[in-house]
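Q: Below is a structure I'd like to ask you about.
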Amino acid sequence: MSNALPMLRVFIGYDPNETVALHVLSHSIWRHAKTPVGITPLVLTQLPMTRERNPLQTTEFSFSRFLVPWLCAYRGKAVFMDCDMLCRADVGELADYPLAGTHLSVVQHDYTPKAKTKFLDQPQTAYGKKNWSSVMVFDCERCSQLTPDYVNEASGMDLHQFKWLDSRGSQIGSLPAGWNHLVGEYPENPEAKLVHFTLGGPWFWKYRECEYAAQWRAEKNLMLHHNPMGEYALAESSGT
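Heads up, the final residue of the sequence shown is numbered 223 in this note's numbering, and it's a clean run with no missing numbers.
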């Protein structure tokens, strides 16, 4: 019998406007992980996505995220997250939250966006369950409704508001808010484990001084030039 540890599958949304964000997030995940993690970017040209992009679609991965269970052959557990994030803890902790009796787990945000626009001057739309789908832990076997045909044909609200589930709220589990901390929307949280630059991250000039910008830049520098006693340590000690 093999004693090998199972590899956690993490899928990250990819958009060419935020390539650097995806790489920095991946680096932060690997650096904090205590067990093997396989990271797959959801590159639109590699997926069976045929639906046309609508004007309100901010990123290329707005809908491809719902293909994760299909990509996993509807087996096991998998994590999806947007690329505009920074991981500050072991992602294995996120995957360890129990899924018993649920199809997936999310941070169940209840807020109204403060701004009317976000990065690249995209309109900020308000709707029920907003940002719930930006971090999802799937029980892939229970999400067989999410076929490529369905994901290509369903409305955006049907997908992001989880209308592919029936009306029983128990099918969606709840994750701690620290696993999807919305920068600029929530009060500062120095204990946040997964930081979400939902309005725009420090790779955009407009948001270069947002909360956690120093840590994000330090993570980028670690990725490019390993220096464990340098800028990252300073950024962590500042708590910003």
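For every residue, glycine included, the Cβ atom is placed at its ideal position computed from N, Cα and C.
Report the option in 11, 5, 59 and -2 whose CA atom is closest to the CA atom of residue 123.
A: To locate residue 123, count along the sequence shown from 1; it is residue 140. For residue 123, the nearest C-alpha among the options comes from 59.
Q: Would residue 225 be called buried (16 or more neighbouring beta carbons within 10 Å of its own) or exposed?
A: Outside the displayed range of the chain (-16 to 223) lies residue 225, so it cannot be described from this structure.
Q: For residue 84, name the three-state secondary structure that DSSP assigns.
A: Here residue 84 refers to the residue found at position 101 when the sequence shown is read from its first residue. Three-state DSSP puts residue 84 in coil, outside helix and strand.
Q: For a quick check, are the C-beta atoms of residue 74 and residue 120 less than 8 Å apart?
A: Counted from its first residue, the sequence shown places residue 74 at position 91. Counted from its first residue, the sequence shown places residue 120 at position 137. Contact: no.
Q: Would you kindly work out how many angstroms separate the C-alpha atoms of residue -11 and residue 134, rounded to a whole number?
A: Taking the first residue of the sequence shown as position 1, residue -11 is located at position 6. Taking the first residue of the sequence shown as position 1, residue 134 is located at position 151. Residue -11 and residue 134: Cα-Cα distance of roughly 28 Å.
Q: Return helix, strand or coil for residue 208, following the three-state DSSP convention.
A: Reading the sequence shown from its first residue, position 225 is the one you call residue 208. Three-state DSSP puts residue 208 in coil, outside helix and strand.
Q: Are there any heavy atoms of the ligand HEM lying less than 7 Å away from the beta-carbon of residue 27, as far as the coordinates show?
A: Judged by which ligands are present, the structure shown has none, so any question about the ligand HEM falls away.
Q: Could you tell me which residues DSSP pairs with residue 179 in its beta bridges?
A: Numbered from 1 along the sequence shown, position 196 holds the residue referred to as residue 179. BP columns for residue 179 point to 68 and 165.
Q: Count the C-beta pairs between the stretch 18 to 33 and the stretch 137 to 156 that are closer than 8 Å, then say yes if the count reaches three, no if not.
A: At 8 Å Cβ cutoff, the stretches do not touch.
Q: Hey, quick one: how far does the alpha helix (DSSP H) through residue 5 stretch, first residue to last?
A: Locating residue 5 in the sequence shown gives position 22, counting from the first residue. Segment 2 to 15, the alpha helix (DSSP H) holding residue 5.
Q: With residue 24 as the anchor, note down where its beta strand (DSSP E) starts and where it stops.
A: Here residue 24 is taken as the residue at index 41 of the sequence shown, counted from 1. Unbroken beta strand (DSSP E) run through residue 24: 20 to 25.
Q: Can you name, in chain order, every residue of its own chain whose Cβ lies under 8 Å from the Cβ of residue 81, other than the five neighbours on each side?
A: By 1-based counting over the sequence shown, the position of residue 81 is 98. Taken in chain order, the residues that qualify are 156.
Q: Hey, is the stretch 83 to 94 in contact with the stretch 25 to 34, meaning 3+ C-beta pairs nearer than 8 Å?
A: Short answer: they don't touch.
Q: DSSP puts residue 119 in a beta bridge; with which residues?
A: Taking the sequence shown and counting its residues from 1, one reaches residue 119 at position 136. Its beta-bridge partners are 63.
Q: Using CA atoms only, rank isn't needed, just tell me which of 13, 147, 159 and 197 is closest to residue 93.
A: By 1-based counting over the sequence shown, the position of residue 93 is 110. The residue with the shortest Cα to Cα distance from residue 93 is 159.
Q: Could you tell me which of 9, 41, 56 and -4 sits nearest to residue 28, measuring between CA atoms?
A: By one-based count along the sequence shown, residue 28 stands at place 45. For residue 28, the nearest C-alpha among the options comes from -4.
Q: According to DSSP, is residue 90 helix, strand or coil?
A: Taking the first residue of the sequence shown as 1, we reach residue 90 at position 107. Coil.
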